[in-house]
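Participant: One structure coming up, written as structure tokens, with questions to follow.
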Amino acid sequence: MGSLKRPPAWLVIPGYILALALTSWLIVRFRLIDSLLFLFIIPCVLSALFYKRRVYWTLSIALIIASVWSTHKVSANFAASLNTIAVASFSTLIMAELMHALTLARTQAQTVQNRQTEESQRLSEMGIALLDCDHPEQVFAQLGATLTQVAPNTIIVINETTPDQQHLVTRQLLGLEGTLFEQAEKLFGFKIVGRSAPIATHLQERFYQLRLLYLSEGFCALLDDAVPQTVGKIAEKLFSLHDVYTIGIVGHGTLWGNVALITRQPGIELPSHLIESMVYQSFLALSRIAMTRQLAINEQKYRLLFQNLSTGFALLEVIRDEKSMPADYRVLETNSALWKIFQVPAESVLGRTAHNLLPPTESVWLERFDEAILTSGPVSFQTFSPATQRWFEISAYLPEPERLAVMLSDITDQKQAEEALQQSEERYRAVFDQSVEGIYMHDLDGALLDVNHIACLQSGYAREELLQMNVFDLHPAVPTNPAADILRQWREWQPSPSKQAINAGMARFSRSRYPPGSSNTPDGI
């Protein structure tokens, strides 16, 4: 009896309770209180209906005959014995069913636990395998190998999207033997694996859901417009295709591909939650690979930019003393521009400290670096290096804690040009101020820009007064030569090369006050 296929407990136990109530009603209705065997009749009939065994039908008939016979033909003592046996048998039957229900519940719970443990182990194994994948093809291969174990007797198609997420490229097709695979390619008229096809419009929204979806339209729903529907119907019959499911390899709005599962037998139930978890793990692996590739590209671009910078760069690590104060700096990274500035190879710089690299004359560098560390703010300064006889402009900031980024530019040529310009301006000012003739500098509109001491004596005005005046205030235009004609002539006048050189010097001297085009301005009236 233990090997029989029992009905569920939720059906058996209520059935016995209903049988007990019906039997009690029959005993009261027909006054059969002396024969409790009737309590056992209907449960036996129910058992016969539940288990479909001849022994239960035989026992039921025998109980009916024994109950009627014990009521009319036997003594009271013998009838009481039969009643006791009936009560004990009925109680035993109820207890057996209750024990079976408890055992079945424990078995089901253990089965669920075992299945969950097995699924967790599969997911863990797949996750570990995906960590070793550094190419999308490896991810698709691992996903296909795992799905064949989870969903046997199923055709599995794994597709990858193109970068524009508008087409699917078939990467894996599993579940078909070689001959069947060749027949499928001949039937469709193209190579299946590696073929690119546009995503069907009616499937686009479905692919963007990380959920195993059942396609009621069948296999033909997976085909694009290039494949006739009649060919799809033929394929369904030829390869015994039944239920069709699909799920997108998607997350955060990014579609890396999709998986289609086609059952070849009716009634196959797929572990949807396990498949969804595996597909999501594949999405995470593909995202990691894409991110790693992008980081490598960005790193390469950064390296090219970093090494081709004309500005020297060094990344320093802060070395602190026992009082947690900055004591020294270790060179972690430099670019080629820094090596060229100091004319030293990289291997002689990396790993060394600033005190070992910089001579004592450059102590101001370390002082300003300490300032940047203590204030956690950027510093910028210009300094002359006696060791290299060069001028440098240095900026330093903290890109992260305990790291100091230093940018260094050689500004020696700029400093020499500024010094030469200053000397030229000083010589020009000496000539301008010590001239024995009055010099009036004005723009093309006649506004006075500068005058020397002799000009002030000639005009009788102070220098500040003259700079508020126009040249025509000193030399009013005559009717035959109005101011407008004079201004036009100034603008059209082209000085000689020697005069251009003098005007260029005047423009440099007054470059902050001279407007563009002042090189064509005459030096006086």
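Those letters in the sequence shown? Residues 118 to 642, per my numbering, in order.
Built from N, CA and C at the ideal position, the CB exists for glycine as well.
Since this is a predicted model, take the numbers as computed values, not measurements.
Taking the alpha carbon of Asp-527 as the reference point, which residue from Leu-538, Ala-534, Phe-509 and Glu-535 has its own alpha carbon closest?
Facilitator: Closest by alpha carbon: Phe-509.
Participant: Let me check understanding here. Comparing Cα to Cα, which of Gln-227, Ser-497 and Val-396 lies closest to Tyr-325?
Facilitator: When only C-alpha atoms are compared, the closest one is Val-396.
Participant: Compare the beta carbon distance of Glu-299 and Val-286 with 8 Å and say whether it is the shorter of the two.
Facilitator: no
Participant: Would you kindly work out how many angstroms separate the C-alpha atoms of Thr-428 and Thr-529, rounded to a whole number?
Facilitator: Taking the straight line from one Cα to the other gives about 14 Å.
Participant: Between the region 226-245 and the region 370-386, do at least 3 Cβ pairs fall closer than 8 Å?
Facilitator: no
Participant: Can you round the beta-carbon distance between Ile-364 and Phe-400 to whole angstroms, since I take them to be within the 8 Å contact cut?
Facilitator: That pair is no contact at about 10 Å.
Participant: DSSP three-state label for Leu-604, please.
Facilitator: helix
Participant: Can Leu-372 and Gln-282 be called in contact, C-beta distance under 8 Å?
Facilitator: yes
Participant: Please give the ranges of any alpha helix (DSSP H) in the region 463-549, keeping only runs that are unbroken, at least 4 residues long and fully inside the region.
Facilitator: 471-474 and 480-492
Participant: List the endpoints of the continuous alpha helix (DSSP H) containing Ile-571.
Facilitator: 570-576
Participant: Would you mind sorting Tyr-647 into buried or exposed? The rule is 16 or more other CB atoms within 10 Å of its CB.
Facilitator: Outside the displayed span of the chain (118 to 642) sits residue 647, for which this structure offers no information.
Participant: Go through its chain and collect everything with a Cβ distance to Pro-280's Cβ below 8 Å, but skip five positions before and after it.
Facilitator: none
Participant: Apart from the five residues just before and just after Ser-541, which ones in its own chain have a Cβ nearer than 6 Å to its Cβ?
Facilitator: none
Participant: Give me, in chain order, the residues of the same chain whose beta-carbon lies closer than 8 Å to that of Pro-462; leave out the 5 immediate sequence neighbours on both sides.
Facilitator: Trp-456
Participant: Between which two residues does the alpha helix (DSSP H) carrying Gln-282 extend?
Facilitator: Neither: Gln-282 is in no alpha helix (DSSP H) and is coded neither H nor E.
Participant: Ignoring anything shorter than 4 residues or poking outside the region 366-440, list the alpha helix (DSSP H) runs there in chain order.
Facilitator: Listed in chain order, the complete alpha helix (DSSP H) runs (minimum 4 residues) inside the region 366-440 are 389-425.
Participant: From the DSSP secondary-structure annotation, give me the bridge partner or partners of Ile-275.
Facilitator: Answer is Gln-289 and Val-376, bridged to Ile-275.
Participant: Using DSSP with H/G/I as helix, E/B as strand and the rest coil, what is Asp-728?
Facilitator: Not covered by the structure: residue 728. The range shown for the chain is 118 to 642.
Participant: Beta-carbon within less than 6 Å of Arg-323's beta-carbon, same chain only, minus the 5 sequence neighbours each way: which residues are those?
Facilitator: Leu-330
Participant: Nearest-angstrom Cα distance between Val-348 and Gln-289?
Facilitator: 21 Å
Participant: On the criterion of 16 or more Cβ atoms from any shown chain inside 10 Å, does His-559 qualify as buried, or is it exposed?
Facilitator: buried
Participant: Does DSSP classify Asn-270 as helix, strand or coil?
Facilitator: coil
Participant: Out of Asp-341, Ile-379, Leu-421 and Arg-328, point me to the one whose CA is closest to Gly-368's CA.
Facilitator: It is Arg-328.
Participant: Pop quiz: Pro-253 and His-284 are said to be a contact at Cβ under 8 Å. What is the actual Cβ separation, rounded to whole angstroms?
Facilitator: Between His-284 and Pro-253 the Cβ distance is about 15 Å, and since that is not below 8 Å, they are no contact.
Participant: How many Å lie between Ala-268 and Glu-334 at the Cα?
Facilitator: 21 Å
Participant: What residues in its chain sit with their C-beta under 7 Å from that of Gln-575, if we drop five residues either side in the sequence?
Facilitator: Only Gly-555 meet the Cβ criterion.
Participant: With 8 Å as the threshold, decide whether the Cβ of Tyr-446 is near any Cβ in chain C.
Facilitator: Considering every chain present, this structure includes no chain C. It has just one protein chain.
Participant: Quick one: measure Cβ to Cβ for Val-376 and Ile-275, integer angstroms, because I've assumed they're closer than 8 Å.
Facilitator: 5 Å
Participant: Between the alpha carbons of Ala-534 and Ile-406, how many angstroms are there, rounded?
Facilitator: Distance from the CA of Ala-534 to the CA of Ile-406, rounded to the nearest whole angstrom, comes to 53 Å.
Participant: Report the residue from Leu-264, Arg-312 and Gln-255 whose alpha carbon sits nearest the alpha carbon of Ile-392.
Facilitator: Leu-264
Participant: For Val-523, which option in Lys-354, Ser-497, Phe-501 and Pro-476 has the closest C-alpha, if you only look at C-alpha atoms?
Facilitator: Closest option to Val-523, Cα to Cα, is Ser-497.
Participant: Would you decide whether Trp-482 is buried or exposed? Buried here means 16 or more other CB atoms lie within 10 Å of its CB.
Facilitator: buried
Participant: State buried or exposed for Asn-270, treating a residue as buried only when at least 16 other CB atoms are found within 10 Å of its CB.
Facilitator: exposed
Participant: Between Pro-443 and the rest of its own chain, which residues show a CB-CB distance below 8 Å, the 5 nearest in sequence each way excluded?
Facilitator: Val-435, Ile-436, Arg-437, Phe-486, Asp-487, Ile-490 and Leu-491
Participant: Only counting the same chain, and skipping five residues up and downstream in sequence, which positions put a Cβ closer than 7 Å to that of Arg-223?
Facilitator: none
Participant: In or out: Ala-572 buried (at least 16 other Cβ within 10 Å) or exposed?
Facilitator: The residue is buried, with at least 16 neighbouring Cβ atoms inside 10 Å.
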